[in-house]
Amino acid sequence: MSECVSAVIPEPPPNGPSTASVPHSNPSAGSICRHSRLQDTAELQKLNDRLAAYMGRMRNLKNDHTRLSIEVQTARDNLTRENDCIKNIYESELTDMRRSLHEIARNKAELQIRLNHQGEENKELKAKLDNKAKECSIFEANARKYKSCTTDLIAKYSALKADREKAINEATELQIEHDRLSNSLNEALENLKKARSIRVNLANNVQSLREELTLKDQLHAQEISEARSRRQVKIKDIGGGHLFKQYQGELQKLRNHYAAQMQANRDEIKIAYEHKFKNLQPVAALNENATAAVRKELRCAREIVEDLTGRISKLKSSNADLNSRIRVKEQLLDDEGVRHTADVASLENELQRLRNAMSHQLRQYQDLMDIKVSLDLEIGAYDKLLCGDLTHSSGGSAGGSPDQFLSFPSGAKRKAPMPVASPASVKRKSSVVDESERVASMLDDGINENMCHPKVGPDQQVTDECLSLRYHQQNP
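Here the sequence shown stands for residues 199 to 674, where the numbers follow my numbering.
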């Protein structure tokens with residue numbers, strides 16, 4: 199026991215007052231002082247143990263705080279990285295969709311220009327076809343047949359046009375939905391940024407409160423150490439037992455005061471932490487709800503984008519089918535145009551040949567008619583001469599036989615006389631000329647009819663159907 203007391207209470211200096219004579223002079227006072235010192239030593243050991251436990255707990259809390267801060271930073275980095283990846287993916291998808299929409303719009307404009315050009319051609323061809331249908335009544339049955347086919351094609355075109363308008367409306371709705379989802383995504387990102395800022399502020403507040411608590415603990419530990427040092431100094435300076443009770447009472451008061459102050463500080467810190475924890479709980483719940491809502495919206499947006507991608511692929515496939523059908527129809531129309539051009543060229547060649555043959559026959563016929571007219575004139579002149587000779591011979595005039603008037607010297611050519619044509623011969627000549635003109639007009643009409651109304655085959659029917667389809671596309 200004396201060794202413990204000597205370990206706690208250092209020896210006084212040589213020149214100072216001697217405290218070892220006090221126990222010899224007053225053994226009861228020394229035992230009481232030793233006992234109180236032992237109690238103080240035990241209490242100090244307990245306080246030191248509690249302080250060491252408290253410091254260990256604070257060290258563990260600091261380690262936990264560091265670990266949690268690292269986890270929070272890691273989670274924050276992962277979330278930022280995921281958001282950046284999602285943002286890049288959405289931006290690339292939006293770029294691809296914009297590029298595909300621009301290509302579709304450009305293709306649509308080109309097709310519209312081609313359709314307008316072909317519509318004008320179809321109008322011209324339709325006008326020619328209408329003129330041919332008006333000129334000839336033979337093709338009325340075929341016209342009715344073409345009309346029924348045209349009605350079917352118009353119905354098909356109307357259905358295709360309705361499908362196209364429906365697809366355009368769906369694309370417009372999908373674009374509106376995409377814009378709405380983009381706006382909601384931007385709002386969600388803004389809410390997420392706000393939640394992050396709130397979370398950072400709360401973390402800063404927690405850090406400041408912990409630093410304040412640490413500072414208070416350090417101040418309290420410093421005050422305890424100063425009180426201890428002052429008490430040890432006072433115990434050393436005690437000169438007799440008559441001051442022991444007074445100092446013991448003051449020491450007890452100080453102990454009670456520091457204990458009450460420590461309890462008040464603990465209660466205040468506990469209340470402050472509970473209040474802060476209660477305030478942070480709804481904020482954390484709100485952040486969790488906002489994060490869950492953002493994740494749900496992102497999931498819904500991803501599903502909607504996938505649905506939109508599927509619809510766009512379907513629209514692209516339908517557009518490709520329509521383009522292939524248009525190309526097939528255009529190929530048929532080009533083939534029919536080439537065939538029609540070849541037919542027109544062959545008919546023109548045939549027409550030229552028939553005209554040449556007709557001109558040759560007309561020249562031959564004209565030569566024959568000239569010969570016939572000259573023969574008629576010769577016969578008329580011979581009749582007149584014969585009648586004159588008979589009249590002269592019957593009148594008793596001396597003359598030769600009729601053969602004398604028609605005899606010619608040998609070796610000489612007989613020159614045909616140029617009498618005046620009789621009215622009968624003139625009528626015959628005019629009738630012959632009219633007949634020749636009538637034959638020529640009949641030949642011209644036959645050739646023109648062959649040109650205007652060629653023989654219709656299956657290819658020509660397909661051409662007429664294509665022309666009618668183009669015409670109704672331009673004039674629905």
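Where a beta carbon is used, it is the ideal one built from N, C-alpha and C, also for glycine. Predicted model only: the values in this text are computed from it and were never measured.
Whole-angstrom Cβ separation of residue i and residue j, contact assumed at under 8 angstroms?
| i | j | result |
| --- | --- | --- |
| residue 369 | residue 513 | 7 angstroms |
| residue 452 | residue 419 | So it is not a contact: roughly 16 angstroms between Cβ atoms. |
| residue 393 | residue 488 | 5 angstroms |
| residue 376 | residue 277 | Their Cβ separation, rounded to whole angstroms, is 25 angstroms, which puts residue 376 and residue 277 out of contact at 8 angstroms. |
| residue 411 | residue 478 | That pair is no contact at about 16 angstroms. |
| residue 234 | residue 446 | 7 angstroms |
| residue 383 | residue 509 | Incorrect: roughly 19 angstroms between the Cβ atoms, too far for contact. |
| residue 520 | residue 351 | So it is not a contact: roughly 14 angstroms between Cβ atoms. |
| residue 536 | residue 291 | At roughly 46 angstroms, the Cβ-Cβ gap does not stay under 8 angstroms, so residue 536 and residue 291 are not in contact. |
| residue 494 | residue 463 | 46 angstroms between Cβ atoms; not a contact. |
If you draw a straight line from the C-alpha of residue i to the C-alpha of residue j, how long is it?
| i | j | result |
| --- | --- | --- |
| residue 333 | residue 585 | 59 angstroms |
| residue 407 | residue 461 | 19 angstroms |
| residue 456 | residue 248 | 15 angstroms |
| residue 492 | residue 390 | 8 angstroms |
| residue 579 | residue 563 | 24 angstroms |
| residue 295 | residue 269 | 38 angstroms |
| residue 322 | residue 328 | 10 angstroms |
| residue 561 | residue 532 | 43 angstroms |
| residue 568 | residue 554 | 21 angstroms |
| residue 378 | residue 260 | 46 angstroms |
| residue 714 | residue 246 | Given a span of 199 to 674 for the chain in the structure shown, any question on residue 714 remains unanswerable. |
| residue 312 | residue 526 | 15 angstroms |
| residue 481 | residue 361 | 52 angstroms |
| residue 300 | residue 284 | 24 angstroms |
| residue 236 | residue 423 | 19 angstroms |
| residue 557 | residue 542 | 22 angstroms |
| residue 354 | residue 380 | 38 angstroms |
| residue 428 | residue 467 | 28 angstroms |
| residue 366 | residue 264 | 58 angstroms |
| residue 282 | residue 298 | 24 angstroms |
| residue 458 | residue 229 | 30 angstroms |
| residue 288 | residue 398 | 28 angstroms |
| residue 430 | residue 448 | 13 angstroms |
| residue 305 | residue 342 | 36 angstroms |
Classify residue i as helix, strand or coil using the three-state DSSP reduction.
| i | result |
| --- | --- |
| residue 561 | helix |
What's the call for residue i, buried or exposed, on a 16-neighbour Cβ count within 10 Å?
| i | result |
| --- | --- |
| residue 293 | exposed |
| residue 324 | buried |
| residue 496 | buried |
| residue 539 | exposed |
| residue 499 | buried |
| residue 669 | Note that residue 669 scores 47 on pLDDT, short of 50, meaning its location in the model is unreliable and no value can be drawn from it. |
| residue 320 | buried |
| residue 250 | exposed |
| residue 534 | buried |
| residue 148 | Shown here, the chain extends from 199 to 674; a query on residue 148 therefore has no answer. |
| residue 484 | exposed |
| residue 386 | buried |
| residue 588 | exposed |
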